[in-house]
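*Asks:*
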Amino acid sequence: MPIEKIFDRINTEAEVAAGELLARAGEEGAAVRKEFAGRASRLDEELKAYAEKKAGEEEKHLIVSEQLELRKSILARKREILDSVYAEAKKKIGALSPEESREILKNMILGSAVSGKEEIVVAPSQVGIFDDGFMRELRDGFRGEGSFELSDDKGDFAWGVVLREGRRAVDLSLAVVFEQLREKIEPRIAATLFEG
Numbered sequence: 138m139p140i141e142k143i144f145d146r147i148n149t150e151a152e153v154a155a156g157e158l159l160a161r162a163g164e165e166g167a168a169v170r171k172e173f174a175g176r177a178s179r180l181d182e183e184l185k186a187y188a189e190k191k192a193g194e195e196e197k198h199l200i201v202s203e204q205l206e207l208r209k210s211i212l213a214r215k216r217e218i219l220d221s222v223y224a225e226a227k228k229k230i231g232a233l234s235p236e237e238s239r240e241i242l243k244n245m246i247l248g249s250a251v252s253g254k255e256e257i258v259v260a261p262s263q264v265g266i267f268d269d270g271f272m273r274e275l276r277d278g279f280r281g282e283g284s285f286e287l288s289d290d291k292g293d294f295a296w297g298v299v300l301r302e303g304r305r306a307v308d309l310s311l312a313v314v315f316e317q318l319r320e321k322i323e324p325r326i327a328a329t330l331f332e333g
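Here this note's numbering is used: position 9 in the sequence shown is 146, and no number is missing along the way.
1. If we call anything under 7 Å between Cβ atoms a contact, is Leu199 one with Ala177?
2. Using only the alpha-carbon positions, how far apart do Gly281 and Ala162 sit?
3. So, helix, strand or coil for Glu206, using DSSP?
4. Bridge partners of Arg301, per DSSP?
5. Could you give the DSSP three-state label for Glu286: helix, strand or coil?
6. Measure the alpha-carbon distance for Arg214 versus Lys254 and round it to whole angstroms.
7. So, for Glu165: in the same chain, excluding its five sequence neighbours on each side, which residues have a beta-carbon less than 7 Å away from its beta-carbon?
8. Assuming Thr329 and Leu159 form a contact by the criterion Cβ under 8 Å, report the distance between their Cβ atoms to the nearest whole angstrom.
9. Quick check on the DSSP output: the alpha helix (DSSP H) that includes Pro235 runs from which residue to which?
10. Just the C-alpha distance for Arg325 and Ser288, rounded to the nearest angstrom, thanks.
11. With distances taken Cα to Cα, identify the nearest neighbour of Phe267 among Ala226, Val222 and Gly297.
12. If you count every other CB in all the chains shown that lies within 10 Å of the CB of Ser317, and 16 or more means buried, which is it?
13. Going by beta carbon distance, what residues of the same chain come within less than 7 Å of Asp290, once the five residues before and after it are set aside?
14. In terms of residue numbering, what span does the alpha helix (DSSP H) encompassing Gly278 cover?
15. Buried or exposed: Val314, going by 16 or more other Cβ atoms within 10 Å of its Cβ?
16. Please name the residue or residues paired with Lys291 in a DSSP beta bridge.
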């Protein structure tokens with residue numbers, strides 16, 4: 138399966154997940170905006186009254202400083218929401234069933250392998266997926282002469298594989314795949330969270 142189809146499949150799944158994440162991010166973003174809008178309005182009224190009473194440069198500085206602190210607080214809360222959305226998505230990917238993981242790993246390996254002779258470094262938690270039958274599927278499924286071998290080394294990642302051959306390595310671990318997906322969907326999620 139070409140790498141484009143694998144990434145298309147991952148992108149399709151990411152689009153579905155992104156839709157759910159965008160909806161959740163929108164709801165949480167609206168709640169944060171509503172909560173902080175009321176606080177900002179009250180704070181603004183209090184600070185304006187205080188500034189009018191004192192009517193000096195020091196008071197104007199205080200207003201600017203308090204507004205800046207409020208903006209920092211709002212931004213920190215939005216960042217927390219965004220981080221929790223990503224953590225949840227990463228958790229869902231890591232919690233795929235062995236069958237789902239097996240199919241995705243197969244497609245990723247076959248789509249990313251160059252020679253078919255790569256050594257496969259597996260996440261310790263996924264060693265059981267790579268039985269003789271699965272290795273045979275990989276060898277038979279490669280578009281050329283496939284002779285994949287399992288590495289004796291175990292990966293220091295939770296999900297995925299690394300394909301190694303000589304000095305070349307293709308990292309298909311969850312962290313790397315997720316970072317690529319995150320780079321693709323983060324602008325849309327951030328736009329939903331940070332609007333207004």
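Using N, Cα and C, we set each Cβ at its ideal position, and we do this for glycine too.
These numbers were taken from a predicted model, which means no experiment stands behind them.
*Replies:* Working from what's here:
1. no
2. 44 Å
3. helix
4. Glu256 and Ala306
5. strand
6. 48 Å
7. Ile218
8. 5 Å
9. Pro235 to Ser249
10. 39 Å
11. Gly297
12. Reading off the sequence shown, one finds Gln at residue 317, where the question assumed Ser. Answer is exposed; the Cβ neighbour count stays below 16.
13. Val258
14. Asp269 to Gly278
15. buried
16. Val259
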